[in-house]
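If you number the sequence shown the way full-length UniProt numbering does, the last residue is 89 and the count never jumps.
Take a look at the structure set out below.
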Amino acid sequence: MALTDAKIRAAKHTDKAYKLTDGAGMFLLVHPNGSRYWRLRYRILGKEKTLALGVYPEVSLSEARTKRDEARKLISEGIDPCEQKRAKK
């Protein structure tokens, strides 16, 4: 089930970190201190990797979905988005 802004705002921090999934490998990681991070889990060349998409609320749900779609396009072309991000730095 897709995330909504209301669900994200209502997410409470707990003793352990947990994930709120959005679909296509994207999720919001909620840490015990209350911080929230957008992440994308994907597989390329047989390896599972996680790409950081940003911190909520600096990166909104719609912005995170746009970044996810861009990363998925790169993956479909055989390009690792983590490696491309590292090369830009």
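Cβ coordinates follow ideal geometry from the N, Cα and C atoms, glycine included.
Predicted model only: the values in this text are computed from it and were never measured.
Discussion item. Quick check: the Cα distance between K19 and A87, rounded to an integer number of angstroms?
Written reply: 28 Å
Worksheet item: Assuming C82 contacts K49 under a Cβ cut-off of 8 Å, what Cβ separation, rounded to an integer in Å, is found between them?
Response: 6 Å
Worksheet item: In or out: K12 buried (at least 16 other Cβ within 10 Å) or exposed?
Response: exposed
Discussion item. Which of the three DSSP states is assigned to K67 in this structure?
Written reply: helix
Fill in: L45 burial status per 10 Å Cβ neighbour count (16 or more: buried)
exposed
Worksheet item: E48 lies in the beta strand (DSSP E); which residues open and close that run?
Response: K47 to Y56
Worksheet item: With a cut-off of 8 Å, does the C-beta of E83 fall near any C-beta of chain E?
Response: Given the protein chain composition of this structure (a single chain), no chain E is represented.
Discussion item. Applying the 10 Å Cβ sphere with the 16-neighbour rule, what's the burial state of A64?
Written reply: buried
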